[in-house]
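Right, one structure below, let's go through it.
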Amino acid sequence: MNYEFHDFETLVEIPGEGQVRLILSDDLDAAYAPLSPEMTARIAEALEKAPEWLAVARQRIREEFPDGEEPELTSVCVLSEPPEPLRFGVSFWLAEDRDHGRGLQFAATETEGYTVVEYGGAEVAFY
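Per the working numbering, residue 73 is the first one in the sequence shown, and the count goes up by one each step.
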């Protein structure tokens, strides 16, 4: 997989979700240079496992909005680079909170896949 970023972002296709923005945090060195093969592989692996972390994210959002409509994934933001463990944020549009949406940060774990490390308004996904 090859990602071409313009102003730190590109569009990617996530099965069942359609196209979403893939964003590189401007705090990363990788945002200012071509992606290394290791970084590209990390991003591809996280996107391949999207059904797993999307289920967790939607479950968390449903805890707050149990009768709400299905949250719409709008972006995935890469927040770390090697040698740090993978950390990324996801943001969702919600009919119930159009002004703020919801965001979660996930961290990769060696044994449990991805775990939620922060939850809140959509801005959580980006910082």
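In this text, a Cβ means the ideal position worked out from N, Cα and C, and glycines have one as well.
Note on Val189: under 16 other CB atoms within 10 angstroms of its CB, so exposed under the neighbour-count rule. One thing to note: Ser147 has its Cβ no nearer than 9 angstroms to the Cβ of Leu107. Going by DSSP, Arg114 is part of the alpha helix (DSSP H) stretching over 109-120.
According to the DSSP assignment, Tyr186 belongs to the beta strand (DSSP E) that extends over 185-192. Inter-residue distance for Ser97 and Leu119 is about 16 angstroms (C-alpha atoms, whole angstroms). DSSP places Glu76 outside any beta strand (DSSP E), giving it a letter other than H or E. Remark: C-beta atoms of Gly161 and Ala127 do not approach each other more closely than 9 angstroms. One alpha carbon belongs to Gln177, the other to Gln91, and they sit about 20 angstroms apart.
When the Cα atoms are used, Pro109 and Glu141 turn out to be separated by approximately 38 angstroms.
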